[in-house]
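Following: one structure in structure tokens, then a few remarks.
Residue numbers (this note's numbering): 7 to 79.
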């Protein structure tokens, strides 16, 4: 998706979740998108759950940082 399409999709998902009180399961590798959309995140690595929690929990998880996020958050 181009940047404009990405913003439109993010806005639509947020709107639908709020209006319909619906949970969405989203598979995404762009952590900026994940953090902006999620109340709860499950991080997987090689088919196994590595960590789960709030966006703040995931940002602070050292193992997640080492594998996915690096040191620049």
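Glycine included, each C-beta is placed from N, C-alpha and C at the ideal position.
None of these values were measured; they are calculated from a predicted model.
query = Under three-state DSSP, which class holds residue 40?
reply = helix
inquiry  = Let me check understanding here. Comparing Cα to Cα, which of 42, 35 and 39 lies closest to residue 50?
reply    = 35
task = For residue 39, I'd like the list of residues in its chain whose CB is within less than 7 Å of its CB, leaving aside the five on either flank, ordered along the chain.
result = 16
Under 7 Å between C-beta atoms of residue 64 and residue 55 = no
message = Beta-carbon within less than 7 Å of residue 23's beta-carbon, same chain only, minus the 5 sequence neighbours each way: which residues are those?
response = 30
request  = Return the chain-ordered list of same chain residues with a C-beta closer than 6 Å to the C-beta of residue 58, the five sequence neighbours on each side being excluded.
outcome  = 48
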